[in-house]
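Asks:
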């Protein structure tokens, strides 16, 4: 059979398509109204990070004249041009969603954004008192004498730009410091500009006193009402909001492990003053002010975005979280406890009795912290080894490791300082762990340690036993309530040996001993995946069944994609649940007609990586910390863990299947790059995988507390959200 030349989707446009699917949720009337507001805020927050990382990186490539091209053969400039076009459309969609859909619907429930002209006299007096007491003390206007003297504005920080008439008779406001004399000001013929940076500690939403409903104003509108408090009798020509986004893709030159901490501090400082990659301004900003800002900030018109709704929509998380209005929010899904990990149970006996698999956030994350806390307190535990990539602000895991060290146990923590945008926090608690006596290792030179693993070494009557937790998500109790992730608890002897070899290789910067069950990047994870795909390909070529089912966040790696294309051409049936970026083109005759790609965007963030290979009927299942991307397989320390226990495998297969049955939050990738909603199956109604997974977690809990509960039944029909 003639092979068709592989084709691919662009990574950046694929990601923007994912963010559009998130934004689409804000228009879905099946979601409660305040949850729709949250999806709007998520789409804005996602876009901020996209500009800081991806657009920032592309601009660096463009400026380097390196000639680097992407998987489709596009240059950085070509990608930037297409990104700008799609992003402008996304801004229009966001604005229409907020102004034409959400705000009118919110007002029907008494949730109303109030404009200055619609405030009552009593409300204006209330606002003025708060403005004088709080805001005037917290912000400092900065006079700008010329574009050359423009202040360095922090990235993603909301600011107000004011244009003042340069009037001979105007009295200079007492709160604005101007270096030039009054005579020098009078000689100028151009208008003056003042910048008001708004601190992140200031609330964006100002609640107005109201006996019914929720009336609020945005801080920029409040400040606009009282600008004369800053400028006295000076004539204000116009004022508008703006926001600068800076390149967050500032690289770290790792000359040596001893320099890593100081290098991280330098990188954080460089990020604060890095190149502007996006200027957002209010849509009504005059051409004169726009030109001034572009010149002063050093940003092109192509990278300036005029927004016809409030800037920084990520701040609308605060609106989505307002108290009350229970009917406008999701029905709570409290994480279900796992009876085998009850506080009265000995966690080590539970794991020794057999492998345990949990699926968060439907099942509680508490057993993970329970294991580490138990290890800290157990006198028979002699060592704890832990990887840490991102943690919560008040981490129970970190506290338990500190306690374990205080108890005299040998505690080793591999802390990844280079976890993007969490660097400062990680540096802080790395010092905290060191002060507590923990042996802290700052990852591997040139790589990010992204693996999720905890190893507990315990002395028992029969000898040393190793207890392990492997996960697909971070050791972060906060995100564990929002992200779908798998946890495996095991004391499998061979996995324990592999885990020791893995840790020793990282901590000793040595070549690892051969791993038997674990696969690790960048050592052999890529090769293991390619071999598993090849086995399915060869099976299909012999006329046997070949099947691959995978759940990942992103599919970008060209070698993996090409292997999947080859498998498809051999007849392997491939189902992929790819939440975000997918560079693989499905459904092309002769190339990928046997590949189906869906994306599930719903209430919880899909984060687990699960792989299933038919393997001649043996059903090989794995969980992993790694997506199928070059960075994960080549430039990160990652793990892929086999799931071998019969009950755990059955549960994992059931989880995987539920996503491909989804007809509520699932969309299917088409050959042209668009996503279409997955059709409901005839006579079965709508099936929502996340609802099913939560119901299953409830049934698992009930089955232990009520032995008569024995059936897992898929919930079908219209689902309440």
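Residue numbers (my numbering): 46 to 766.
Backbone N, C-alpha and C define an ideal beta-carbon position, used for all residues, glycine too.
Which complete beta strand (DSSP E) runs does the region 639-668 hold, if anything under 3 residues is left out?
Replies: 640-645, 654-658
Asks: If you draw a straight line from the C-alpha of residue 53 to the C-alpha of residue 59, how long is it?
Replies: 10 angstroms
Asks: What are the partner residues of residue 685, as DSSP defines its beta bridges?
Replies: According to DSSP, which records beta bridges pairwise, residue 685 is partnered with 564, 669.
Asks: Applying the criterion that 16 or more other CB atoms from any shown protein chain within 10 Å of the CB defines a buried residue, is residue 218 buried or exposed?
Replies: For residue 218, the predicted structure reports a pLDDT of 46, less than 50, and the residue's modelled location is therefore unreliable. The matter cannot be settled from this model.
Asks: Please report how far the alpha carbon of residue 567 lies from the alpha carbon of residue 597, in whole angstroms.
Replies: 18 angstroms
Asks: Between 343, 327, 246, 374, which lies nearest to residue 356 when the distance is taken from Cα to Cα?
Replies: In terms of CA proximity to residue 356, 327 leads the group 343, 327, 246, 374.
Asks: Straight-line CA distance for residue 483 to residue 290?
Replies: CA-to-CA, the gap between residue 483 and residue 290 works out to about 37 angstroms.
Asks: Give the straight-line distance between the Cα atoms of residue 167 and residue 718, rounded to the nearest whole angstrom.
Replies: 54 angstroms
Asks: Hey, how far is the Cα of residue 1 from the Cα of residue 445?
Replies: Since the displayed the chain opens at 46 and closes at 766, residue 1 lies outside it and no answer follows.
Asks: Check the DSSP bridge columns for residue 239 and list the partner residues they point to.
Replies: DSSP, once it has assigned bridges, lists 188, 207 as partnering residue 239.
Asks: Is the beta carbon of residue 398 closer than 7 angstroms to that of residue 531?
Replies: no
Asks: At which residues does the beta strand (DSSP E) containing residue 513 begin and terminate?
Replies: 508-516 is the span of the beta strand (DSSP E), which, as asked, contains residue 513.
Asks: How would you label residue 273, buried or exposed, when you count the other beta carbons within 10 angstroms and need 16 or more for buried?
Replies: Burial is judged here by how many other beta carbons sit within 10 angstroms of a residue's own beta carbon; residue 273 has fewer than 16 and is exposed.
Asks: From this set, 713, 677, 602, which residue's C-alpha is nearest residue 620's C-alpha?
Replies: Cα-wise, what sits closest to residue 620 is 713.
Asks: I'd like to know whether the C-beta atoms of residue 551 and residue 459 end up nearer to each other than 7 angstroms.
Replies: yes
Asks: Specify the secondary structure class of residue 285 as computed by DSSP and reduced to three states.
Replies: strand
Asks: Bridge partners of residue 260, per DSSP?
Replies: Its beta-bridge partners are 157, 253.
Asks: Going straight from the alpha carbon of residue 569 to that of residue 507, what length do you get?
Replies: Cα to Cα, residue 569 sits roughly 33 angstroms from residue 507.
Asks: Leaving out five residues before and five after residue 674 in sequence, what residues of the same chain have Cβ atoms less than 6 angstroms from its Cβ?
Replies: 599, 601, 602
Asks: Should the region 376-390 be regarded as contacting the region 265-284, the criterion being three or more beta carbon pairs within less than 8 angstroms?
Replies: no
Asks: Tell me the DSSP secondary structure of residue 628 in three-state form.
Replies: coil
Asks: With distances taken from CA atoms, which of 150, 593, 670 is nearest residue 702?
Replies: 593
Asks: For the beta strand (DSSP E) containing residue 622, list its first residue and its last residue.
Replies: Segment 618-623, the beta strand (DSSP E) holding residue 622.
Asks: Going by beta-carbon coordinates alone, are residue 82 and residue 646 separated by less than 7 angstroms?
Replies: no
Asks: Does residue 530 come out as helix, strand or coil in the three-state DSSP assignment?
Replies: strand
Asks: Cα-Cα, which of 191, 197, 199 is closest to residue 23?
Replies: Coverage of the chain is limited to positions 46 through 766, which leaves residue 23 absent and any answer about it impossible.
Asks: Quick check on DSSP: helix, strand or coil for residue 709?
Replies: coil
Asks: Count the other CB atoms, across all protein chains shown, that sit within 10 Å of the CB of residue 442; report buried if there are 16 or more and exposed otherwise.
Replies: buried
Asks: Thinking just about the alpha-carbon of each residue, which of 706, 260, 715 is nearest to the one in residue 727?
Replies: 706
Asks: Work out the CA separation of residue 672 and residue 500 for me, nearest whole Å.
Replies: Looking at the two C-alpha atoms, the distance is approximately 23 angstroms.
Asks: Going by Cα to Cα distance, which pick from 285, 365, 370 is closest to residue 329?
Replies: 285
Asks: For residue 114, list the residues DSSP reports as bridge partners.
Replies: 120
Asks: If contacts are defined as beta-carbon pairs under 8 angstroms, then residue 386 and residue 419 qualify, I think. What distance do you get, rounded to the angstrom?
Replies: At roughly 10 angstroms, the Cβ-Cβ gap does not stay under 8 angstroms, so residue 386 and residue 419 are not in contact.
Asks: Where do the N-terminal and C-terminal ends of the beta strand (DSSP E) with residue 458 fall, by residue?
Replies: Annotation: the continuous beta strand (DSSP E) that includes residue 458 extends over 455-460.
Asks: Give the straight-line distance between the Cα atoms of residue 215 and residue 207, rounded to the nearest whole angstrom.
Replies: The pLDDT assigned to residue 215 is 46, lower than 50, so where the model puts this residue is not dependable; a value taken from the coordinates is nonetheless given after this. Whole-angstrom Cα-Cα distance: 15 angstroms.
Asks: Kindly confirm or deny that the region 690-701 and the region 575-585 touch, where touching means at least three C-beta pairs closer than 8 angstroms.
Replies: The region 690-701 makes no contact with the region 575-585; the number of CB pairs closer than 8 angstroms stays below 3.
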